[in-house]
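Residue numbers (my numbering), protein chains in the order written: chain G, 766 to 1249; chain C, 57 to 156.
A virtual CB, placed ideally from N, CA and C, is assigned to each residue, including glycine.
Please read all numbers here as calculations on a predicted model, not as lab measurements.
Have a look at the structure below before the remarks.
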Amino acid sequence: MAITKERLPRARVSLEIEVDQERVEKHMDRAVARLSKQVRVPGFRPGKVPRRNLERHVGTAALLQEALEELVPEVYQEALLSEEIDAIDQPEFSLKSTEPLVVTAIVPVRPDVDLKDYKSLRAPKPEVNITEEQVSDALTSIRRRHAVLEPVDRVVAWNDTVRADVTVSVDGQAEPHVEEDAEFPVREGSVVSLPGFVEKLIGLERGVAHHIEFDLPEDFGAEELAGKTAKYDITIHEVKQEVLPEVDDEFVVSLDEEGVSTVAEMDARIRSDLQSQAERMLIGDYQDEIVDLLVATASLDYPEVLVDREIDRIIDRESNHASHTPEGLNNWLNAVGKTLEGLREELKERADLTVRRALVIGQLIEDEAIEVTDEMIDAEIDSLAGQMGGAGASNPDSVAAIRGLFDTPDGRASIKNQLITKTALERLVEICSQPESEGDAAPRASRRRRGAAASSDEATDDSVDESAATTEDGAETTTETTEA
Amino acid sequence: MPKEIHVYEVLRRPIVTEKSTLLAGHRQYVFEVAVGANKPQIKAAVEKAFNVTVETVNTTMAHGRRRKNKFGKSAGEPPVYKKAMVKVAPGQTIEFFEGV
């Protein structure tokens, strides 16, 4: 069996397989045995037709066809093994010649992804700046949660809490809505009852019956009320002033936050909380950005079939798996008013991008040798179970039950995938968020970094017992000094 | 006195069946022949047509069985014909090219 291998663009390989005559004959005989059972030749019982007669009856070409049906997949598989080809889809066969028998198979193989010099990719990480205002806002809302309401004898002002009997009627509504002894805060920007009501309360006196009228906005959410006039009869029983606790160490301690006992610490904590919250919101966008950057620099050679499969997946997802059956798919296509071809064409670009992203991340995982240990999976499962448990988290039984849901071979595999992808993205962020390089400073630093990760004692020989994280920090500092 | 039959009209067709294929392995070939043909005529015809030496000729008349349809009536008669089993000399074979 002689095989000629040739690499084609779009991650395909063409295999030209020449099959020995002897082998062809063997398969021809087997084809005769099969065919003679199916074909009725006059004068012979099924399965008893000699090859010569059968050949004359159905024709040599048909016989060869039958033989190829078994022979081709067989030699193809052998060729894949001997040429070490990682096929990812069915091949396309064509018959090049019959004497000697030469079969050509074009098969899509695993994509070829080259991330190029991804270690020198740089993208500015979005800066998160927490302003004094944000901190003080956050502090105020904490103080508000611990505010004390103190009855006062004065007219209503902002930030008071009011206890009152309220009767509301809107034009065209037969029954007025009555609420007695309703207690509500009067706060700027908040809506109580109907929009515009709170504003009218400012300056009202206690203990007197008031009548308020105002027009509701034209674009009010409830259509039957929009633009109508709202009439309020209100008697305020009590005005309570909001007394915010003083921000001092005592207050901070009363909050019972771990590790926070002074005002300064409190400030720092709020700031760091706000910071990480904002970073979490931005990191997703940033990750998308750098993955796309990676896609743009990498050279990708992947077969069309990957995109087709992704399109299938998108259709499957969007149609709620209706596409599993032909009727379901048709119904769904009718419902969205699209043809299958049109839809596939539409989705192509999106699917292509998804495939590219998945490919570069996959390659990144390989290049960076990212691995996830069983312990990491266990930890992830524990944290998931803890989250899901919620109130029942204190009950070890329910946590164990939820843990059982995730702790299946499939569940573990999927968690492992997620963790690996997450780690890869984090690594990419780490690479890309390094300071912009002048000349070749950054690549050198990254090489050093790699060395540091591999053997900590070599990178920082003065502190052998330092953890990997600290070592990396050390590398980071070196980067900065190199640039300075 | 047999009727004169031209040598080219003796052999009608080769009979290709499982049984005849089996016989071919024993140097015997089966033909449908003219009903009026006798053994010497068949021998001469085969020798001339296939350029072989014929050792023996056996003949038989084939009468198809009359089949009855579902009303008990005959649905016609199968044709009556004469078969000849011809044995050729050792080492000689006959190739049939007809019957495709």
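(request) Going by DSSP, name the residue or residues bridged to Ala140 (chain C). (result) On the second sequence, residue 140 (chain C) is found 84 positions in, with the first residue counted as 1. Assignment of beta-bridge partners to Ala140 (chain C) by DSSP yields C:Phe87 and C:Thr115.
(message) For a contact defined as C-beta to C-beta under 7 angstroms, what are the partners of Val72 (chain C) on chain G?
(response) Here residue 72 (chain C) corresponds to residue number 16 of the second sequence, with the count starting at 1. Gly808 and Asn818, listed in chain order.
(message) I'd like to know if the stretch 996-1014 of chain G and the stretch 844-863 of chain G are in contact, where contact means that at least 3 CB-CB pairs between them fall below 8 angstroms.
(response) No: the two stretches stay apart, fewer than three of their Cβ pairs being nearer than 8 angstroms.
(request) Please classify Ala929 (chain G): is it buried, with 16 or more other beta-carbons within 10 angstroms of its beta-carbon, or exposed? (result) In the first sequence, counting from the first residue as 1, residue 929 (chain G) sits at position 164. Buried.
(request) Using a Cβ cut-off of 7 angstroms, pull out every chain G residue sitting near Thr115 (chain C), in sequence order please. (result) Here residue 115 (chain C) refers to the residue found at position 59 of the second sequence. Correct list: empty, because the minimum Cβ distance to chain G is about 19 angstroms.
(message) Within 10 Å of its beta-carbon, does His82 (chain C) have 16 or more other beta-carbons around it, so buried, or fewer, so exposed?
(response) Residue numbering aside, residue 82 (chain C) sits at position 26 when the second sequence is read from its first letter. Looking at its Cβ environment, which holds fewer than 16 other Cβ atoms inside 10 Å, His82 (chain C) is exposed.
(request) Please confirm if Thr149 (chain C) has its CB atom under 7 angstroms from at least one CB of chain G. (result) Locating residue 149 (chain C) in the second sequence gives position 93, counting from the first residue. So, not an interface residue.
(request) For the stretch 792-805 of chain G and the stretch 832-839 of chain G, state whether three or more C-beta atom pairs, one from each stretch, are separated by less than 8 angstroms. (result) Three or more beta-carbon pairs separated by less than 8 angstroms link the stretch 792-805 of chain G to the stretch 832-839 of chain G, which places the two stretches in contact.
(request) Establish whether the CB of Thr77 (chain C) and some CB of chain G are separated by less than 7 angstroms. (result) Counting from one through the second sequence, the residue named residue 77 (chain C) turns up at place 21. For Thr77 (chain C), the answer is yes, since a Cβ of chain G falls inside 7 angstroms of its Cβ.
(request) Figure out for me which residue from G:Met766, G:Ser1198, G:Arg817 and G:Glu1015 has the closest Cα to the Cα of Glu839 (chain G). (result) Walking along the first sequence from the start, residue 839 (chain G) turns up at place 74. Checked all of G:Met766, G:Ser1198, G:Arg817 and G:Glu1015; the closest Cα to Glu839 (chain G) is G:Met766.
(request) Pick helix, strand or coil for His976 (chain G), following the three-state DSSP scheme. (result) On the first sequence, residue 976 (chain G) is found 211 positions in, with the first residue counted as 1. Strand.
(request) Please classify His62 (chain C): does DSSP put it in a helix, a strand, or coil? (result) As a working note, residue 62 (chain C) is residue 6 in the second sequence. Secondary structure of His62 (chain C) (DSSP, three-state): coil.
(message) If contact is defined by three or more beta carbon pairs under 8 angstroms, each pair taking one atom from either stretch, is the stretch 1084-1096 of chain G in contact with the stretch 901-908 of chain G?
(response) Contact between the stretch 901-908 of chain G and the stretch 1084-1096 of chain G is absent, because fewer than three Cβ pairs lie under 8 angstroms.
(request) Could you pull out every residue in the same chain whose Cβ sits closer than 7 angstroms to the Cβ of Asp936 (chain G), ignoring the five residues on either side in sequence? (result) Position 171 of the first sequence, counted from the start, is the residue given in the question as residue 936 (chain G). Around Asp936 (chain G): Lys993 and Thr994.
(request) Output the boundary residues of the beta strand (DSSP E) element that contains Asp879 (chain G). (result) Counted from its first residue, the first sequence places residue 879 (chain G) at position 114. Counting along the chain, the beta strand (DSSP E) containing Asp879 (chain G) begins and ends at Asp877 to Asp879.
(request) Identify, in the order they occur along the chain, each residue of the same chain with its Cβ nearer than 8 angstroms to the Cβ of Val806 (chain G), setting aside the five sequence neighbours on each side. (result) Counting from 1 along the first sequence, the entry for residue 806 (chain G) is found at position 41. A distance below 8 angstroms between beta-carbons, with the five flanking residues on each side excluded, links Val806 (chain G) to the following residues of its chain, in chain order: Val814, Asn818, Leu819 and His822.
(request) For Gln842 (chain G), count neighbouring Cβ atoms within 10 angstroms of its own Cβ and tell me buried if that reaches 16, exposed if not. (result) The residue labelled residue 842 (chain G) in the question sits at position 77 within the first sequence. Flag for Gln842 (chain G) reads exposed.
(request) Tell whether a beta-carbon distance below 7 angstroms holds between Ile1055 (chain G) and Leu1184 (chain G). (result) Taking the first sequence and counting its residues from 1, one reaches residue 1055 (chain G) at position 290. Taking the first sequence and counting its residues from 1, one reaches residue 1184 (chain G) at position 419. No, the pair does not count as a contact, with Cβ atoms beyond the cut-off.
(request) Return the bridge partner residues of Phe106 (chain C) from the DSSP annotation. (result) In the second sequence, counting from the first residue as 1, residue 106 (chain C) sits at position 50. According to DSSP, Phe106 (chain C) bridges with nothing at all.
(request) Please confirm whether Val1017 (chain G) and Met1031 (chain G) have their CB atoms less than 7 angstroms apart. (result) Walking along the first sequence from the start, residue 1017 (chain G) turns up at place 252. Walking along the first sequence from the start, residue 1031 (chain G) turns up at place 266. Taking C-beta atoms as the reference points, Val1017 (chain G) and Met1031 (chain G) count as a pair closer than 7 angstroms.
(request) Enumerate, from N- to C-terminal direction, the unbroken beta strand (DSSP E) stretches of 3 or more residues contained entirely within the stretch 929-954 of chain G. (result) The stretch 929-954 of chain G contains these whole beta strand (DSSP E) runs: 942-950.
(message) Just to make sure I have the definition right: I need the residues of chain C whose C-beta is within less than 8 angstroms of the C-beta of Pro815 (chain G). Which are they?
(response) In the first sequence, the residue the question calls residue 815 (chain G) occupies position 50. Within chain C, the residues near Pro815 (chain G) are Thr77.
(message) Can you check which of these residues, G:Val778, G:His911, G:Val933 and G:Gln786, is closest to Asp877 (chain G) by C-alpha distance?
(response) Counted from its first residue, the first sequence places residue 877 (chain G) at position 112. Nearest C-alpha to Asp877 (chain G): G:Val778.
(message) For a test of the three-state rule: what should DSSP assign to Val900 (chain G), helix, strand or coil?
(response) Taking the first residue of the first sequence as 1, we reach residue 900 (chain G) at position 135. Per DSSP, reduced to three states, the secondary structure at Val900 (chain G) is helical.
(message) Which residue wins for smallest C-alpha separation from Leu866 (chain G), given the options G:His942, G:Asp785 and G:Arg810?
(response) Start at 1 with the first residue of the first sequence, and residue 866 (chain G) comes out as number 101. It is G:Asp785 whose Cα lies nearest to the Cα of Leu866 (chain G).
(message) Do Gly808 (chain G) and Met112 (chain C) have their beta-carbon atoms positioned less than 7 angstroms apart in this structure?
(response) The residue labelled residue 112 (chain C) in the question sits at position 56 within the second sequence. The residue labelled residue 808 (chain G) in the question sits at position 43 within the first sequence. The sequence given here has Thr at residue 112 (chain C), not Met. Cβ atoms of Thr112 (chain C) and Gly808 (chain G): not closer than 7 angstroms.
(request) Using the Cα positions of Pro873 (chain G) and Arg1122 (chain G), report the straight-line distance between them to the nearest angstrom. (result) Here residue 873 (chain G) refers to the residue found at position 108 when the first sequence is read from its first residue. Here residue 1122 (chain G) refers to the residue found at position 357 when the first sequence is read from its first residue. Taking the Cα positions, Pro873 (chain G) is about 19 angstroms away from Arg1122 (chain G).
(message) For Pro856 (chain G), count the other beta carbons within 10 Å of its own beta carbon; 16 or more makes it buried, fewer makes it exposed. Which is it?
(response) Residue mapping note: residue 856 (chain G) aligns to position 91 of the first sequence, counting from 1. Pro856 (chain G) comes out buried.
(request) State the DSSP-derived secondary structure class of Ser1037 (chain G), mapped to helix, strand or coil. (result) In the first sequence, counting from the first residue as 1, residue 1037 (chain G) sits at position 272. In this structure, Ser1037 (chain G) counts as helix in the three-state DSSP scheme.
(request) Check the C-beta distance from Lys38 (chain C) over to Val63 (chain C) and give it rounded, since I have them as a contact under 8 angstroms. (result) Because residue 38 (chain C) is not part of the residues shown, which for chain C are 57 to 156, the question remains open.
(request) Flag Glu790 (chain G) as yes when its Cβ comes closer than 6 angstroms to any non-hydrogen atom of the ligand COA, and as no otherwise. (result) This structure lacks the ligand COA; in fact it carries no ligand of any kind.
(message) So the candidates are G:Val1060, G:Phe985 and G:Pro891; which of them puts its Cα closest to the Cα of Gly961 (chain G)?
(response) By 1-based counting over the first sequence, the position of residue 961 (chain G) is 196. When each option's Cα is compared against that of Gly961 (chain G), the closest is G:Phe985.
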